[in-house]
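Quick note: the sequence shown uses the working numbering, first residue 59, plus one each step.
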Amino acid sequence: MKKRGNPLRPGVWEHLSRSSLFLDKTDVPLEIDRGQIEQFYHPLATDLLLQSRSVPRLMVAVAGPPGSGKTAFATILVAVINAETGDNVAALVGLDGWHHTNAYLATHSIERDGKRIALRSIKGAPETFDATAAYGCLSAIRRGGQVSFPVYSRRLHEPIPAEGTIESSHRIVLAEGNYLLLDEGHWSRFRPLFDVRMFVSATIETLIAGLRERHLRGGKTAAATERHIREVDLPNAARVGPSVLHAHVVAHKADTRRIDRIQWSKTL
């Protein structure tokens, strides 16, 4: 089912263009394009607002492989929802806040292919997250009310407990993360938490470009960046790929910043 964008109501673009949007609570500004907003983000925002009328709090998953631009996508979508309503009704929660601490990763390991692998060496893999804590917090958010949640610091490379807050007034909550629709172990419990499930898809070339930019921006050397992409990120992307089958909406990216098309399921 294809949905076409409509012109923005007066004041929405002006509000967005004056907003300062940053990626992952860093000083990296997000670029917004009016054509992208009108064609893709605004139709999604209006659909979510419509669906939010029938539930106390609408829960939306934004999943996809590492490097696909999920965080930027979700950040912009939240901003469009709030600009459309003229109020702070939507908020974003990042799964990265439930990374295990570096101290934990340094002292724990898993067995893979008959070998013990330190979790620190595969940071970002599903096994390096506290899935139980994430599930508990997202369940509490779904029930409503004010809920605090951890936020991952790209500067410290550590999760910061209770750094973010979902307010009682937030009627739409987007949760963004690689593994929210993953069909493995504890992760398979997450899907029923969400009323709407979105997946951000991109070509392997786009993923690598996005990952390279992120790791270099975070302070990794070029050599460490390429190793992490090859040994951690791309295997994780392969694990995440089948999750697209559980999505109601798939955003196909033209590159790390621009959407090429939106694929809608018949249920939305």
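Cβ coordinates follow ideal geometry from the N, Cα and C atoms, glycine included.
Leaving out five residues on either side along the sequence, give the residues of the same chain with a beta carbon under 6 Å from the beta carbon of residue i.
i, result
"Asn-146", "Asn-140"
"Ile-320", "Phe-98 and Ala-309"
"Pro-217", "Gly-155, His-157, Pro-208 and Tyr-210"
"Val-254", "Val-118 and His-306"
"Gly-122", "Lys-128, Phe-257 and Val-258"
"Gly-235", "Leu-153"
"Thr-104", "none"
"Val-298", "Pro-123 and Asn-236"
"Asn-183", "Inspection of the sequence shows that residue 183 is occupied by Ala rather than by Asn. So the list reads Asn-294, once near-sequence residues are dropped."
By DSSP's criteria, residue i is part of a beta bridge. Which residues make up the other side?
i, result
"Val-298", "Partner(s): none; Val-298 has no beta bridge."
"Val-258", "Ala-309"
"Tyr-162", "Beta-bridge pairing links Tyr-162 to no other residue."
"Ala-183", "DSSP, once it has assigned bridges, lists no residue as partnering Ala-183."
"Ile-168", "Ile-175"
"Glu-218", "Rather than Glu, the amino acid found at residue 218 in this sequence is Ile. According to DSSP, which records beta bridges pairwise, Ile-218 is partnered with Val-209."
"Gln-321", "Val-308"
"Thr-223", "Ser-206"
"Pro-87", "Phe-80"
"His-157", "Phe-187"
"Ala-121", "Phe-257"
"Val-151", "Ala-233"
Taking the beta carbon of residue i as the centre, do at least 16 other beta carbons fall within 10 Å, making it buried, or is it exposed?
i, result
"Ser-75", "exposed"
"Phe-131", "buried"
"Phe-80", "exposed"
"His-166", "exposed"
"Tyr-162", "exposed"
"Glu-72", "exposed"
"Pro-101", "buried"
"Asp-312", "With the sequence shown as reference, residue 312 is identified as Ala, and Asp is not the correct amino acid for it. With fewer than 16 other Cβ atoms within 10 Å, it is exposed."
"Ala-189", "buried"
"Thr-223", "exposed"
"Asp-291", "buried"
"Ser-78", "exposed"
"Lys-173", "exposed"
"Gly-243", "exposed"
"Glu-169", "exposed"
"Glu-225", "exposed"
"Gly-268", "buried"
"Ile-95", "buried"
Measuring straight from C-alpha to C-alpha, what distance separates residue i and residue j?
i, j, result
"Leu-354", "Pro-219", "As shown, the chain starts at 59 and ends at 326. That puts residue 354 outside it, with no answer to give."
"Gly-69", "Leu-106", "20 Å"
"Pro-124", "Ala-148", "24 Å"
"Gly-93", "Glu-271", "24 Å"
"Ala-176", "Ala-164", "7 Å"
"Arg-111", "Leu-239", "24 Å"
"Asn-294", "Gly-144", "38 Å"
"Gln-109", "Ile-266", "35 Å"
"His-304", "Arg-247", "13 Å"
"Arg-249", "Asp-85", "32 Å"
"Leu-88", "Ile-230", "21 Å"
"His-228", "Ser-206", "13 Å"
Return the chain-ordered list of same chain residues with a C-beta closer than 7 Å to the C-beta of residue i, the five sequence neighbours on each side being excluded.
i, result
"Pro-114", "Gly-202"
"Ala-192", "Leu-153 and Trp-156"
"Thr-186", "His-157, His-158, Leu-163, Leu-177 and Ile-180"
"Leu-251", "Met-117, Leu-196, Ser-197 and Arg-200"
"Glu-221", "Pro-208 and Val-209"
Taking 7 Å as the cut-off, does the CB of residue i come closer than this to any heavy atom belonging to the ligand NAD?
i, result
"Thr-283", "Because no ligand of any kind appears in the structure shown, any question about the ligand NAD cannot be addressed here."
For residue i, which residues of its own chain have a beta-carbon under 8 Å away from its beta-carbon, when the five flanking residues on both sides are left out?
i, result
"Gly-276", "Arg-212 and His-215"
"Asp-318", "His-310, Lys-311 and Ala-312"
"Lys-278", "His-286"
"Arg-67", "Glu-142"
Since residue i contacts residue j with CB under 8 Å, what's their CB separation in whole angstroms?
i, j, result
"Ala-260", "Gly-127", "7 Å"
"Val-328", "Leu-232", "Because the chain in this structure spans residues 59 to 326, residue 328 falls outside the shown range and cannot be described."
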